[in-house]
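Data block below; observations after.
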Amino acid sequence: MRYRYLGLAFAALFASAASAQKAPKVRIDFVEETLPNGLHVIYSVDKSTPLIAVEVMYNVGSKNEPVGRTGFAHLFEHVMFKGSKNVADGDHYRLLERVGARTGQDYNGTTSFDRTNYFEQIPSQNLELALWLEADRMGTLTETLTQAKLDNQREVVKNEKRQSYDNQPYGSWLEKLMSNMYPEANPYHHLPIGSMEDLTAASLDDIKSFFKTYYAPNNAVLVVVGDFDLANAKSLVRKQFAWIPRGPMTPAVVMPPLAAKLGAPKREVVNDPNAPAPQVYV
C-alpha cells in the first residue's frame, strides 16, 4: 500500500512542477512564395550555425499507387539517386560528400503513405549545389532512366523488403494491421514497400508515367532552412527551378467508407517463425 501512496505523491509533485514551468513558446519565422510553375517554397533563415538544410517534399506516397502497382513511390525514392541529365549515376552522393555531407545522416530520402521527401544538410556556402541537384532530378530524371537502372533498384527494394519485413522478427505486424484495418480498395491497405509481385511487374513505361504524374513542381514543396541571405536564396531557387514545367493535375485519391470494416473488433494470430517470443500489437 505504501508504494501506491508514494506513487501518488510523486505524481502530484511532477504535476506541480510541470504547471510551474510551462514550456517556452517556440517561434519559427518563415517566408513563403509560389513560383509560376506551381512550386511552393518555404524559407526560414537561421544563422545560429553555418549550415543550410534543403528538402523537397512530393505529395505522393503509397496512397497514390493504383491497384497492382504497389511500391512505386518507394521504388522512386531509390531511383532518384541514380542520376539525371547533368548528374551521373553516383555523382549525387559524391558531390554532397565532397562538401562534407555524411551518407544517411545529412542526405537521404524517405517514403510514407502520404508523401516522399528528399533532403540535404551541407555548409551554407553550398546552397546552390543542393538546389541544383534537386532541380536536375525533378526536371530531367526520366531522360536518363534506363531499364538497367530500374532492374537494379527493383532488386535493391526487394532485398530491403526481405531484410526489413519478410525475414525480420515481427516484421509483418504493420502489414497485417493495415490490411485488417482498411479494405483492399482503400489506399492505406498496403505498405509503402509494396509487394514482390507488383515490383516484378513494373515496366519502364509504368515508372516513367508515375514520375511524370507526381514528380512535378506543382506537386512539391521546397523548404530552405539555415544560414543564408533571403534575397539571394530566392534568386537561386528561381534560377534552378523556374524552368521546370508544371505537371498534370494529379488523380484524386479515392477513400472508400470504413464502417463495414471497422464495425467490430478484429483479432488475428500470426505464426512468425522468426519471432523469439509472443508480442501483441493493437
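Numbering-wise, the numbering used here puts 266 at position 265 of the sequence shown, and it's gapless, one number per residue.
Backbone N, C-alpha and C fix where the C-beta goes; we use that ideal spot for every residue, glycine too.
Can you give me the C-alpha to C-alpha distance between residue i and residue j, rounded to a whole angstrom?
i, j, result
"residue 269", "residue 178", "9 Å"
"residue 164", "residue 170", "10 Å"
"residue 115", "residue 254", "11 Å"
"residue 214", "residue 23", "46 Å"
"residue 9", "residue 175", "Any reading at residue 9 needs caution, since the residue's pLDDT is 44, under 50, leaving its predicted position unreliable; the model's value is listed next. Spanning the two alpha carbons is a distance of roughly 36 Å."
"residue 267", "residue 279", "18 Å"
"residue 76", "residue 159", "10 Å"
"residue 67", "residue 217", "19 Å"
"residue 282", "residue 271", "11 Å"
"residue 240", "residue 134", "13 Å"
"residue 59", "residue 276", "36 Å"
"residue 99", "residue 191", "38 Å"
"residue 26", "residue 236", "32 Å"
"residue 96", "residue 183", "43 Å"
"residue 243", "residue 103", "29 Å"
"residue 56", "residue 195", "24 Å"
Please indicate yes or no: does the CB of residue i lie closer than 7 Å to some heavy atom of the ligand HEM?
i, result
"residue 87", "In terms of ligand content, the structure shown is empty, and the ligand HEM therefore cannot be addressed."
Name the DSSP bridge partner or partners of residue i?
i, result
"residue 33", "43"
"residue 78", "Partner(s): none; residue 78 has no beta bridge."
"residue 109", "120"
"residue 104", "108"
Where does the unbroken alpha helix (DSSP H) through residue i begin, and where does it stop?
i, result
"residue 271", "No alpha helix (DSSP H) holds residue 271; DSSP gives it neither H nor E."
"residue 114", "First-last for residue 114: undefined, no H or E at that position."
"residue 84", "That residue, residue 84, is in no alpha helix (DSSP H); it is neither H nor E in DSSP."
"residue 138", "128 to 141"
"residue 201", "197 to 202"
"residue 71", "Taken as a continuous stretch (DSSP letters only), residue 71 belongs to no alpha helix (DSSP H), as it is neither H nor E."
"residue 213", "205 to 215"
"residue 99", "92 to 99"
"residue 180", "174 to 182"
Starting from the C-beta of residue i, find all residues in its chain whose C-beta is less than 8 Å away, skip the five residues before and the five after it, and write them out in chain order.
i, result
"residue 52", "122, 123, 124, 125, 227 and 228"
"residue 234", "44, 128 and 225"
"residue 219", "38, 39, 40, 247 and 248"
"residue 64", "114, 115, 188, 189 and 254"
"residue 197", "159 and 162"
"residue 47", "226, 227 and 228"
"residue 193", "62, 63, 72, 74, 75, 112, 113 and 114"
"residue 203", "70, 72, 73, 76, 151 and 155"
Excluding the 5 residues preceding and the 5 following residue i in the sequence, name in chain order all residues of the same chain whose CB lies nearer than 7 Å to its CB.
i, result
"residue 11", "With a pLDDT of 43 at residue 11, under the threshold of 50, the modelled position of that residue is not reliable, and the figure given next carries that caveat. Correct list: empty, nothing qualifies."
"residue 199", "69, 70, 71 and 72"
"residue 137", "85, 86, 87 and 88"
"residue 83", "90, 150 and 154"
"residue 79", "154, 157 and 158"
"residue 172", "165 and 166"
"residue 186", "257"
"residue 2", "Caution applies to residue 2, whose pLDDT of 37 falls short of 50 and renders its modelled position unreliable; the value that the coordinates give is listed next. Counting only Cβ-Cβ distances below 7 Å, and skipping sequence neighbours, we find nothing."
I'd like the span of the beta strand (DSSP E) that includes residue i, first residue to last.
i, result
"residue 53", "52 to 59"
Which same chain residues, not among the five before or five after residue i, have their C-beta less than 6 Å away from its C-beta?
i, result
"residue 5", "Here the model assigns residue 5 a pLDDT of 40, short of 50, so the residue's position is not dependable and the matter cannot be decided."
"residue 35", "41"
"residue 107", "122"
"residue 265", "none"
"residue 140", "245"
"residue 222", "41 and 58"
What are the complete beta strand (DSSP E) segments, minimum 3 residues, inside the region 217 to 266? Fully enclosed beta strand (DSSP E) runs of 3 or longer: 221 to 227.
Mind listing, in chain order, the continuous alpha helix (DSSP H) runs of no fewer than 4 residues lying wholly within the region 146 to 171? Along the length of the region 146 to 171, whole alpha helix (DSSP H) runs at least 4 residues long occupy 148 to 162, reported in chain order.
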